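Here the structure comes first, spelled out in structure tokens, and everything after it is commentary.
Protein chains in written order, with UniProt numbering: chain X, 1 to 311; chain R, 1 to 265.
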């Protein structure tokens, strides 16, 4: 973060000279008044709920008899022991979807940034436009696309790869809907724009002359990409993977709409524990485990990608 | 090397990029096509025959348009709330030095770095503990809370990139602080504020996860779509999805045309 006060200016600007005046003291309070309502809002409706949730996670009881704080930390172990498959599945699906988003999103971001020319604005609109249809409606459309008689199943069938994908556990019984493939496909689709936009932003900033310079130094296109373009787009890659992975890991919509009970993710468990089973302590414990896991992974990732950038 | 192979090699990025674009657009095509469907059962997943029934009667299913107008109302109020609160925080962060600055930044960043389901469940826990009844107000509070950080980020980026000497110049020309703010600072910050507000509106209007936890029995448009996935999907859902898409694209095109003409003149 840069200091907004101008350092490049001559220090003689008289308007900035601190005057020992009540007006100066009032001016010092300005940021606090600006912050007060918004920060108060976040403290009450964001921070306090987390504290409430922490206390709920160590309560025992039932909806009928009420819940009491009994410091029952075993809830965490029980929840982990019972739902670790869903945790692992969430991380696995989210990581796969993130990798796919990067693989699919990079060429499109590159195309828009360097090759689109006068089509650039149109392509940008086409990337953002799907957002304007509710994502639930669009996810339901995947039910049609992936259905048993739909184009994807018949295409995979005519290529005779459904037997192979069945054997790999990606599809089941020559179906795509209600399989891991469908859920990962939905996750990838839903979070792809969150990958493309930061990638595009960082690619667009790259000076085109760097490509020319690399070419002048006899670098082949692939070498230019590996040594110049990709390293310079790292901020976009890091931002994009975070913006994709975090929401994908907590998502339960794709697993619910496109998957079966065998593809339930941790978000599905939290949702059903909270809204259907009304087991608030378990839901709270699972939320905290998910939050801690994601914060840990994100911190590790940022650190690792930071050192890679330096190398 | 044969020439088609070379052509393929040279255009690999373009082909892959356009492939990704097709993947992004395909569901919208399906939504549009199926808005002209006349399904046999309750679900609109298989093509039967062409019909414009749903387009001539978009509110023909119970509660659909009610949920739509509720979503719009919540989105408008959430945008207003988040934009006012977020812009104030953004100005404080970009323009002032104060203590606890890094804690404030963390408090702004955390809601964006957290899976929605965690925020949703914790806020619902607060409301349950307080004995607040779920409905319009709890949804609105939830939406303002998660939109706030996005507004701060958008506005702060704009204010930080603005030259502080412009404001000093205004003051040197004897503008009062209020005049400086209204005639110099605000107009320059406006694109950031508009971007933050548009983002809030889109996030609020389309939010499902946080609403699902904090709505009680109140039904917003995404909640309606979610419910219909269980009960049966009326064609009208596709009509509304298609209409929203068309209106948005039209707005963008008009803005481009107007912007282009202004630039030329």
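For glycine and all other residues, C-beta sits at the position ideal for the given N, C-alpha and C. Remember, it's a predicted structure, so these values are computed and weren't measured experimentally.
| field | Simplified DSSP assignment, three categories, for residue 44 (chain R) | value | coil
| query | Using the C-alpha atoms, what's the distance from residue 229 (chain R) back to residue 123 (chain R)? | reply | 26 Å
| Partner residues on chain X for residue 174 (chain R), Cβ-Cβ distance less than 7 Å | Near residue 174 (chain R) there are no residues of chain X at all, since even the closest Cβ is about 11 Å away, more than 7 Å.
| Which residue or residues does DSSP assign as beta-bridge partners of residue 61 (chain X)? | X:67
| said: So that I know if they touch, is there some Cβ in chain X lying closer than 8 Å to that of residue 57 (chain R)? | reply: no
| said: Helix, strand or coil, according to DSSP, for residue 97 (chain R) in the structure here? | reply: coil
| task | Could you list which residues in chain R have their beta carbon closer than 7 Å to that of residue 294 (chain X), in chain order? | result | 115
| task | Give the residues of chain R in contact with residue 83 (chain X), contact being defined as C-beta atoms less than 8 Å apart. | result | Residues of chain R passing the Cβ test: none, with the nearest at roughly 13 Å.
| Segment limits, alpha helix (DSSP H) that includes residue 195 (chain R) | 186 to 206
| said: Going by DSSP in three states, residue 49 (chain R) sits in which element: helix, strand or coil? | reply: coil
| said: Taking the straight line between their C-alpha atoms, what separation do you get for residue 53 (chain X) and residue 273 (chain X)? | reply: 14 Å
| Out of curiosity, what's the CA-to-CA distance linking residue 156 (chain R) and residue 225 (chain R)? | 35 Å
| request: Kindly indicate if chain R contains any beta-carbon less than 8 Å away from that of residue 138 (chain X). | output: yes
| message | Going by DSSP in three states, residue 175 (chain X) sits in which element: helix, strand or coil? | response | strand
| Is residue 193 (chain R) close to chain X, meaning its C-beta is less than 8 Å from at least one C-beta of that chain? | no
| message | Against chain R, which members of the stretch 48 to 68 of chain X pass a CB distance test of less than 8 Å? | response | 48, 49, 50, 52, 53 and 56
| query | Under a CB-based cut-off of 8 Å, is residue 39 (chain R) close to chain X? | reply | no
| task | Below 7 Å CB to CB, which residues in the same chain sit around residue 68 (chain X) once its five sequence neighbours on both sides are set aside? | result | 59, 60 and 61
| request: Quick one: list the residues of chain R neighbouring residue 264 (chain X), beta-carbon separation under 9 Å, in chain order. | output: By Cβ distance, chain R contributes nothing, its closest Cβ being about 13 Å from residue 264 (chain X), past 9 Å.
| task | Could you please give me the residues that DSSP links to residue 37 (chain R) through a beta bridge? | result | R:50
| Which whole-angstrom value describes the C-beta separation of residue 202 (chain R) and residue 131 (chain X), a residue pair presumed to lie in contact below a C-beta threshold of 8 Å? | 6 Å
| field | Helix, strand or coil at residue 259 (chain R) [DSSP, three-state] | value | helix
| task | Report yes or no: is there a C-beta of chain X within less than 8 Å of the C-beta of residue 143 (chain R)? | result | no
| field | Spatial distance of residue 27 (chain X) from residue 97 (chain R) (CA atoms) | value | 11 Å
| query | Can a CB atom of chain X be found closer than 8 Å to the CB of residue 8 (chain R)? | reply | no
| message | Let me confirm a value: residue 73 (chain R) is counted as buried when at least 16 other C-beta atoms fall within 10 Å, else exposed. Which label applies? | response | exposed
| Amino acids of chain X, ordered along the chain, whose beta-carbon sits closer than 7 Å to that of residue 226 (chain R) | 136
| request: Would you tell me roughly how many angstroms separate the C-alpha atoms of residue 192 (chain X) and residue 83 (chain R), rounded to the nearest one? | output: 26 Å
| So, is the C-beta of residue 129 (chain R) closer than 8 Å to a C-beta in chain B? | As a matter of chain content, chain B is missing from the structure shown, whose protein chains are X and R.
| task | Measure from the alpha carbon of residue 195 (chain R) to the alpha carbon of each residue in R:164, R:218, R:158 and R:166, then state which is nearest. | result | R:158
| task | Please name the residue, chosen from X:185, X:158 and X:184, that lies closest to residue 174 (chain X) on a Cα-to-Cα basis. | result | X:158
| task | Could you tell me how far apart the beta carbons of residue 22 (chain R) and residue 35 (chain R) are, in whole angstroms, since I believe they sit closer than 8 Å? | result | With 8 Å as the limit, residue 22 (chain R) and residue 35 (chain R) do not qualify as a contact, their Cβ atoms being about 20 Å apart.
| message | Give me, in chain order, the residues of the same chain whose beta-carbon lies closer than 7 Å to that of residue 377 (chain X); leave out the 5 immediate sequence neighbours on both sides. | response | The structure shown does not extend to residue 377 (chain X), since chain X is modelled only from 1 through 311, so no value can be given for it.
| query | Among R:246, R:239, R:252 and R:142, which has the Cα closest to the Cα of residue 49 (chain X)? | reply | R:142
| Best match in R:39, R:232, R:30 and R:105 for proximity to residue 51 (chain R) [C-alpha to C-alpha] | R:39
| request: Answer with yes or no whether the minimum CB distance from residue 14 (chain R) to chain X is below 8 Å. | output: yes
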